[in-house]
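> For the record, in the sequence shown the residue sitting at position 74 is 401 according to this note's numbering, with numbers rising by one throughout. Sharing a structure, written as structure tokens. Questions coming.
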Amino acid sequence: MSVVEIGQALWVLSPAVDGLVAIANGHLADSILSSGGLSNGLAAPDPPGGGEVDTDGILSFFASKIAPILLAVLGVIFIGRASKGEVSRVLTSSAIAIIGLAFIAGAATLFFVGESLIDVVFK
Numbered sequence: 328m329s330v331v332e333i334g335q336a337l338w339v340l341s342p343a344v345d346g347l348v349a350i351a352n353g354h355l356a357d358s359i360l361s362s363g364g365l366s367n368g369l370a371a372p373d374p375p376g377g378g379e380v381d382t383d384g385i386l387s388f389f390a391s392k393i394a395p396i397l398l399a400v401l402g403v404i405f406i407g408r409a410s411k412g413e414v415s416r417v418l419t420s421s422a423i424a425i426i427g428l429a430f431i432a433g434a435a436t437l438f439f440v441g442e443s444l445i446d447v448v449f450k
């Protein structure tokens, strides 16, 4: 049989299977509810620490560890290009880097402004 014939055979049987799926799901739901629900090991345990993400820690990690490394890499690239005499490329790349840093600073500012607005509105 070809793949098309197998698909057609399964398509013809699908109305009969729909009834079986509903019955099986009903029995499964009844057995879960009668056994005490999902609290006996099937559910995921609560995460330690209340389940909140430490956004301040993440931001401080990026600001203290990742940003200086990226700036050092940019500095090495700029020095290498400037020593080759590609001053126009260095100026263009510097302008792009400064604009990128401005966007990052603006995003951080909006993050803190948004947090303070949420504190004002909901507290």
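Using N, Cα and C, we set each Cβ at its ideal position, and we do this for glycine too.
1) Assuming the contact rule is C-beta atoms closer than 8 Å, F405 and S420 should be a hit. Round their C-beta distance to whole Å, please.
2) Under three-state DSSP, which class holds E379?
3) By how many angstroms is the C-alpha of E442 removed from the C-alpha of F449?
4) Quick one: measure Cβ to Cβ for A409 and V417, integer angstroms, because I've assumed they're closer than 8 Å.
Working from what's here:
1) 6 Å
2) coil
3) 11 Å
4) 5 Å
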